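Working notes for the structure below.
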Amino acid sequence: MASTKGQRLQFDLDDDDLKLFCEEADEQIELLDTSLVQLEGEPDPDLLQQIFRAAHTLKGSSATIGHKKMASLTHAMETVLDAVRQGRRRPGSEVVDALLAGLDALRVLADEVVTGIDSGIETARLEADLHAVLESHDETEAAAPAEASGVAYRLDPEQAEAALAGMDNGTSLYFLEVAIAVECQLPSIRSFQALQEADALGQVLATWPEREHVEAGAGEFSLACFLLSSQSDEQLQAAIQAVTDVQSVQARSIAPEDIDKPLTTTSQPAHPGSGLTGRPQLTLVEDGAPADGARGSSRKATQSVRIDVERLDGLMNLVGELVIDRTRLQQIREQLSAVLKDANLTELTENFEETTSHLARVTDELQEQIMRSRMLPVRSVLTRLPRLVRDVAAKCGKKVELVTAGEETELDRSVIEEISDPLVHILRNAVDHGIESPEERRAAGKPETGLVTVTAWNQETYIYLSVKDDGKGIDTSTLRRKVVEKGLMTRDAAESASEQEAIQWIFLPGLSTAKQISDVSGRGVGMDIVRTNIERLNGQITLHSTPGTGSEVIIQLPLTLATTKALMVVANATVYAIPLVSVTEALADHEADIHTVNGRKTLRLRQRLLPMIDLARALGDGRPRQMEAGRFVVAARHGERQVAFMVDRLLGEQDVVVKSLGHMVGNRRGLTGATILGDGTLGLIVDTASLVSEQAALATPA
Amino acid sequence: MATKAEPTTELTGQPATEEHVVIFRLADEYYALDIQTVQEIVRMQTITSIPGSDFWVEGITNLRGRVVPVIDLRKRCGVDAGEYSTETRIVVVSSGNGMVGLIVDAVSEVLRIPGDQVEPPSSIVSVPENTYLRGIAKLDERLVSLMDLEGVLPAEIEDDLAYAASRAA
Chain A
2 MASTKGQRLQ FDLDDDDLKL FCEEADEQIE LLDTSLVQLE GEPDPDLLQQ
52 IFRAAHTLKG SSATIGHKKM ASLTHAMETV LDAVRQGRRR PGSEVVDALL
102 AGLDALRVLA DEVVTGIDSG IETARLEADL HAVLESHDET EAAAPAEASG
152 VAYRLDPEQA EAALAGMDNG TSLYFLEVAI AVECQLPSIR SFQALQEADA
202 LGQVLATWPE REHVEAGAGE FSLACFLLSS QSDEQLQAAI QAVTDVQSVQ
252 ARSIAPEDID KPLTTTSQPA HPGSGLTGRP QLTLVEDGAP ADGARGSSRK
302 ATQSVRIDVE RLDGLMNLVG ELVIDRTRLQ QIREQLSAVL KDANLTELTE
352 NFEETTSHLA RVTDELQEQI MRSRMLPVRS VLTRLPRLVR DVAAKCGKKV
402 ELVTAGEETE LDRSVIEEIS DPLVHILRNA VDHGIESPEE RRAAGKPETG
452 LVTVTAWNQE TYIYLSVKDD GKGIDTSTLR RKVVEKGLMT RDAAESASEQ
502 EAIQWIFLPG LSTAKQISDV SGRGVGMDIV RTNIERLNGQ ITLHSTPGTG
552 SEVIIQLPLT LATTKALMVV ANATVYAIPL VSVTEALADH EADIHTVNGR
602 KTLRLRQRLL PMIDLARALG DGRPRQMEAG RFVVAARHGE RQVAFMVDRL
652 LGEQDVVVKS LGHMVGNRRG LTGATILGDG TLGLIVDTAS LVSEQAALAT
702 PA
Chain B
32 MATKAEPTTE LTGQPATEEH VVIFRLADEY YALDIQTVQE IVRMQTITSI
82 PGSDFWVEGI TNLRGRVVPV IDLRKRCGVD AGEYSTETRI VVVSSGNGMV
132 GLIVDAVSEV LRIPGDQVEP PSSIVSVPEN TYLRGIAKLD ERLVSLMDLE
182 GVLPAEIEDD LAYAASRAA
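Protein chains in written order, with this note's numbering: chain A, 2 to 703; chain B, 32 to 200.
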């Protein structure tokens, strides 16, 4: 089997189907990913049902496209889940492990559909494992109902009463078992049709699976029901057998005195065709619209539409233009009213003012709404974490509990896509490096199970994500030794740094504090990469740690990437936008506490000394000065580093739409792009992250 | 325009075809660009200079919401720089690298030049490292240099352009 690796695979689907398949597979795999972990220990019936359905859907869709391996694996998983659902098997860790292993393989198999290349993954062993899990007996087996081979079917007292009443009126009670052919691709529709047929034949008292499941399109390969009908058992069998893909129908007549006795399914489906010659000419819509329509109407109507992200991006760009026009109109309005004041045209200017301010309101609202439409709850990222924590904790032999909060917090989908990897990395670090082993924790007087909390929340126009652990905190003595060993710092500098400073070294490239490179964390992707990724999103990352009590990493991100809030300044006749996320303070230089230290201008701000940098010069503006530089000072931070930029003028805050500088100009050092200003000219957006760290490093004596 | 059905094979500059060009002036020299590449011609407008860029990159400008880099062709072609006048125009062309504005002293006309009036550049002038002249057209009273657009524009810019473009997208 392994030899098939790399071979091209052919599946039975076109591009549209592929998209559909991928969406559905992703959705179901995602669902399994989050819920399988919760399965362990306490099998909540609803959850079980959900998981079973997800596995079942995957089986169906993979069988539809002819992915035999995937269908067969999902079938094995489904069998195990079915046993759990029916209480025949308790979901212990070996069950969950086998299922999770299967899930991992499913991901690979689903990818095969996209790549069209055989991954060479071995599923036979996984299926055998799943099978073994099913076979292994455990104590719950005994506790299972006596009819271990099937489910017990019984009418509840109310239904039994109705049945007896009906039997008094001359109708008979039947127990119907319908089996749908295994090769059927739409068993849910067929079982729904069979149920509809039963409804037409009499009064259906109880169904397995429950009626709403069947009607919601979640029916499966078998359907059982109690039916009150005036027809004979043969007539019933014939009528339902007429439904496409129904393999067998069994109608058992129930005597009034047997109503309270539980029934079990027969182990063998009825032999098809027995006494069923010449299917009755019942009109039944096959593949029909009524079935689909009924399905649709009984499904909970979700008020949402899938929109292509590109289309939303396009809309967002247009709104961006609109925002620029708004600002521009407002400027014209101000100029106009200044000019027209004397000319006694008050009414005209008032009208104009009214219109522009209305336009401004509408634009703002439109922008807000479109931005909102791009927002997703952060849940989609957080739901992946329990599995991750479980795996990592198991690998490091640690006991960890994960608590998440703020799943409803929304952020832009582009941010969501980008935030997942850094978050996973931070969490992995927290479990691998932060939380101690159970023995260490006991020795330290802590509970054996460590606690990791992931919280998301909104504040103003930012979203915050915090990963907090109650582990041992960051060992700064190790860090101090490491930075010297790796030649990142001199011994003196390393030893004289404060605790808070030393903690930040964790973000230095090429530094790993783990005692040994582990399978979990030591993969060459350090916190420096995490920081770079966050900063690319115009975000900030901060780290706090207390030895013995734990660490907390806080990520601060803008709500959207399409617009950025910025402080607009002028430096040597050019307008620059400094992203507000990095601005800590802006002040006139006569208010500022400026000193000269070692021949450098230095700003003293809240007990800190910030090197003062001429913004225009730092960016490489070599043109002659148009006016004396440094009338205003803007303090900007990047991580723990701070500098003070000297600028000529402050223009205030503005939402800026980030535009590329274009190919001819390239990626200029210290600039991230351009933005259109109110007067239609362009301003340049400062890349504070790179500029602050570069300038702070230059200013620090080596 | 009258000869509508005529095949447009002017790209190769083969004789017996026609060059349909926009003619413009830099100082006292005349140049021509293939009309297919010219998107529009706008009056001089505010250009924001980019610190640290090449001297002939004048900066960037806002063309109806698009950020378009602008190149001063006089500086690029080594023609003596002069003041901008009311005749100064920005010729916006579309290149393989997107839209670019070219500052010229004036745009004079749109012309069809018969292929047999075009000669290879080496026969008249020999410019070292000539990357942007693909021919000289001898018209009645003047010489017009046919400019090769991709040659006059700088080659690939260093840096990770894809990254810059992706984050601003």
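Don't be surprised by glycine CBs; every beta carbon is placed ideally from N, CA and C.
All values derive from a computational prediction rather than experimental measurement.
For residue 621 of chain A, the residues of chain B that pass the 8 angstroms Cβ criterion are 82, 83, in the order they occur in the chain. Contact fails between the region 327-346 of chain A and the region 103-111 of chain B, because fewer than three Cβ pairs, one in each stretch, are under 8 angstroms apart. Counting C-beta pairs with one atom in each stretch, the region 680-697 of chain A and the region 125-139 of chain B have fewer than three that are closer than 8 angstroms, which means they do not touch. For residue 677 of chain A, the C-beta contacts it makes with chain B under 7 angstroms involve 93, 96, in order along the chain. For residue 48 of chain B, not one C-beta of chain A is nearer than 8 angstroms to its own C-beta.
By the beta-carbon neighbour count (other beta carbons within 10 angstroms, threshold 16), residue 463 of chain A is buried. The criterion of a C-beta distance shorter than 8 angstroms is not satisfied by residue 633 of chain A and residue 604 of chain A. Under the three-pair Cβ rule at 8 angstroms, the region 673-684 of chain A does not count as touching the region 634-644 of chain A.
According to the DSSP assignment, residue 151 of chain B belongs to no alpha helix (DSSP H), since it is labelled neither H nor E. Counting only Cβ-Cβ distances below 7 angstroms, residue 119 of chain B has no contacts in chain A at all, with the closest Cβ about 17 angstroms away.
Against chain A, the CB of residue 68 of chain B has no partner CB under 8 angstroms away; the residue lies outside that interface.
Close to chain B, meaning a Cβ-Cβ distance shorter than 9 angstroms, is no residue of the region 60-90 of chain A at all. The Cβ-Cβ distance between residue 122 of chain B and residue 135 of chain B falls below 8 angstroms. Against chain A, a Cβ distance below 8 angstroms from residue 162 of chain B picks out nothing, because the smallest value is about 15 angstroms.
In this structure, residue 573 of chain A places its C-beta atom within 8 angstroms of the C-beta atom of residue 626 of chain A.
Annotated three-state conformation of residue 406 of chain A is strand, per DSSP. In the structure shown, residue 583 of chain A falls within a helical segment according to DSSP collapsed to helix, strand and coil. Under a criterion of Cβ atoms nearer than 7 angstroms, the residues of chain B adjacent to residue 681 of chain A are, in order, 93. Each residue's CA atom was taken as its position, placing residue 673 of chain A and residue 117 of chain B some 33 angstroms apart.
The three-state reading of DSSP puts residue 251 of chain A in strand, counting E and B together. Here the alpha carbon of residue 551 of chain A sits roughly 43 angstroms from the alpha carbon of residue 58 of chain A. Residue 224 of chain A does not reach chain B, its nearest Cβ partner there being about 51 angstroms away, counting only Cβ pairs nearer than 7 angstroms. Taking each of A/197, A/200, A/66, A/657 in turn and checking the Cα distance to residue 681 of chain A, the smallest one comes out for A/657.
Proximity of chain B to residue 312 of chain A at the Cβ level (cut-off 7 angstroms) is not reached, the minimal Cβ distance being about 14 angstroms. DSSP assignment within the region 144-227 of chain A yields the following whole alpha helix (DSSP H) runs of 4 residues or more, N-terminal first: 158-169, 188-202.
Interface residue (Cβ-Cβ distance to chain B less than 8 angstroms): residue 617 of chain A is classified as such. Residues of chain B whose Cβ lies closer than 7 angstroms to the Cβ of residue 322 of chain A are, in chain order, 96.
A straight line joining the alpha-carbon of residue 247 of chain A with that of residue 227 of chain A spans about 18 angstroms.
As the crow flies, the alpha-carbon of residue 312 of chain A is around 31 angstroms from that of residue 530 of chain A. With respect to the C-alpha of residue 393 of chain A, the residue from A/429, A/219, A/358, A/380 having the closest C-alpha is A/429. Judged by DSSP in its simplified three-state form, residue 657 of chain A adopts strand.
Collapsing the DSSP output to three states places residue 674 of chain A in a strand. Residue 411 of chain A: member of the beta strand (DSSP E) spanning 411-413, first to last residue. Residue burial annotation: residue 86 of chain B is exposed, with fewer than 16 other C-beta atoms found within 10 angstroms of its C-beta. Under DSSP, the beta-bridge partners assigned to residue 602 of chain A are A/597.
Cβ-Cβ distances below 8 angstroms link residue 694 of chain A to 639, 640, 642 in the same chain, with the five nearest sequence neighbours on each side left out; the list follows chain order.
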